[in-house]
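Chains as they are written, first to last, in the UniProt record's numbering: chain B, 1 to 101; chain X, 1 to 107.
We treat Cβ as the ideally placed atom computed from N, Cα and C, and that holds for glycine.
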Amino acid sequence: MYIRVKRSKTTYFIQCDPTETTLDIKQKLHTLIDQPVNDQRLILMNTGDILEDSKTLADQKVENDAVVALTLRKDDNEFEDVNIVKPNDFYQSRDTDSGNW
Amino acid sequence: MKRKDTVKLISTDEMEFVIDKDAAMVSQTIRNMLTSPGPIDNWVFLGGFAETELGEVTFPEISAVILEKICQYFYWALQYSRGKETEFHIEPELTLELMMAANYLHT
Chain B
1 MYIRVKRSKT
11 TYFIQCDPTE
21 TTLDIKQKLH
31 TLIDQPVNDQ
41 RLILMNTGDI
51 LEDSKTLADQ
61 KVENDAVVAL
71 TLRKDDNEFE
81 DVNIVKPNDF
91 YQSRDTDSGN
101 W
Chain X
1 MKRKDTVKLI
11 STDEMEFVID
21 KDAAMVSQTI
31 RNMLTSPGPI
41 DNWVFLGGFA
51 ETELGEVTFP
61 EISAVILEKI
71 CQYFYWALQY
81 SRGKETEFHI
91 EPELTLELMM
101 AANYLHT
């Protein structure tokens, strides 16, 4: 399966297994974004639950195609708020890039 | 999962999608880009794939909503090819743009 980890304008598609733990996912993210696992916090978007390092994805009801927010530790040691940029509305964007395929 | 095994796809509204190269290569167009050396017409290459750890491809004509759906399709197609036969859900309002993007990407 895969999950979609989102922060700001970026979405990371991470291949994983229900038996993997949150820490496993953070280690995969570490290779992509150079942020230590301790400075990452993952939040399951459809419930708002913060994922715990030692628990597996299955334990925490993280399923295939789930959207998980990534937040990072700020300089003051607190975690930032969830920040996911939503794409422009589909119908608005049609007008601006009017199909020159 | 290593950084060099991923590719970053950027939509016209500057949203970024980082996916495995395996998944991206479901698209024949992206496969050709990843396996050919230089820039091809309007593809933006930030460094050749052989030299840089992270390849980036900008799609000036694909919106984030469509590009995300395409990435989901890539992973669905990988899983399907490995024998996990599930349905792929497409919202009716996305079908036209998705078909045009799929045609573009040879997907």
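Residue i and residue j closer than 8 Å at C-beta
i, j, result
"residue 43(B)", "residue 34(B)", "no"
"residue 28(X)", "residue 65(B)", "no"
"residue 29(B)", "residue 3(X)", "no"
"residue 69(X)", "residue 98(X)", "yes"
"residue 87(B)", "residue 15(X)", "yes"
"residue 1(B)", "residue 18(B)", "yes"
Test: residue i CB closer than 8 Å to a CB of chain B
i, result
"residue 3(X)", "yes"
"residue 73(X)", "no"
"residue 16(X)", "yes"
"residue 23(X)", "yes"
"residue 64(X)", "yes"
"residue 19(X)", "yes"
Any C-beta of chain X under 8 Å from that of residue i
i, result
"residue 79(B)", "no"
"residue 65(B)", "yes"
"residue 85(B)", "yes"
"residue 90(B)", "Residue placement at residue 90(B) cannot be trusted, given a pLDDT of 48 that sits under 50; what the coordinates show is reported in the next sentence. Closer than 8 Å to some Cβ of chain X, the Cβ of residue 90(B) qualifies, so yes."
"residue 26(B)", "no"
"residue 55(B)", "no"
Endpoints, the alpha helix (DSSP H) within which residue i is located
i, result
"residue 67(X)", "64-81"
"residue 101(X)", "95-105"
The beta strand (DSSP E) enclosing residue i, as first and last residue numbers
i, result
"residue 16(X)", "16-20"
For residue j and residue i, believed in contact at Cβ under 8 Å, the rounded distance
i, j, result
"residue 62(X)", "residue 101(X)", "5 Å"
Any chain C beta carbon closer than 8 Å to residue i
i, result
"residue 10(B)", "The chain inventory of the structure shown lacks chain C, comprising the protein chains B and X."
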